[in-house]
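Residue numbers (my numbering): 1 to 97.
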């Protein structure tokens, strides 16, 4: 990349930054952006409610369930290890008597 390309790129980034700043300072733009974000959140809430009404779990529900299953699996594995240890101890105790 030449020095000229770097200068053009730098200037382009500066112009974009100035434009973004001007847009954020514009009350009409800020109001429109706020309404758009609010509408998106309301739509997401309606989607969650609709899925809930037909008993379809959300991604968050599935993630929580997945974490619980992993935790339960870890506990079962720990119990299996403990049972194996007790069996070895019992076998060792009966073979030495």
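Virtual Cβ for every residue (Gly too), placed ideally from N, Cα, C.
Hey, how far is the Cα of residue 11 from the Cα of residue 28?
-> Here residue 11 refers to the residue found at position 11 of the chain shown. Here residue 28 refers to the residue found at position 28 of the chain shown. So the two alpha carbons sit approximately 27 Å from each other.
Pick helix, strand or coil for residue 57, following the three-state DSSP scheme.
-> Taking the chain shown and counting its residues from 1, one reaches residue 57 at position 57. DSSP places residue 57 in coil when its eight states are reduced to three.
Cα separation between residue 62 and residue 34?
-> Mapped onto the chain shown, residue 62 falls at position 62. Mapped onto the chain shown, residue 34 falls at position 34. The straight-line gap from Cα to Cα measures roughly 30 Å.
What distance in whole Å lies between the Cβ atoms of residue 58 and residue 65, which are believed to be in contact at a cut-off of 8 Å?
-> As a first step, residue 65 must be located in the chain shown, where it is residue number 65. As a first step, residue 58 must be located in the chain shown, where it is residue number 58. Not confirmed; about 11 Å, so no contact.
Assign residue 26 to one of three DSSP states: helix, strand, or coil.
-> One-based indexing of the chain shown puts residue 26 at position 26. Residue 26 falls in the coil class under three-state DSSP.
Alpha-carbon spacing of residue 77 relative to residue 60, whole angstroms | For the purposes of this step, residue 77 is identified with residue 77 of the chain shown, where counting begins at 1. For the purposes of this step, residue 60 is identified with residue 60 of the chain shown, where counting begins at 1. Looking at the backbone, the Cα of residue 77 and that of residue 60 are separated by about 26 Å.
Can you tell me the Cα-Cα spacing of residue 18 and residue 8, whole angstroms?
-> If you number the chain shown from 1, residue 18 lands on position 18. If you number the chain shown from 1, residue 8 lands on position 8. Rounded to whole angstroms, residue 18 to residue 8 spans 15 Å at the Cα level.
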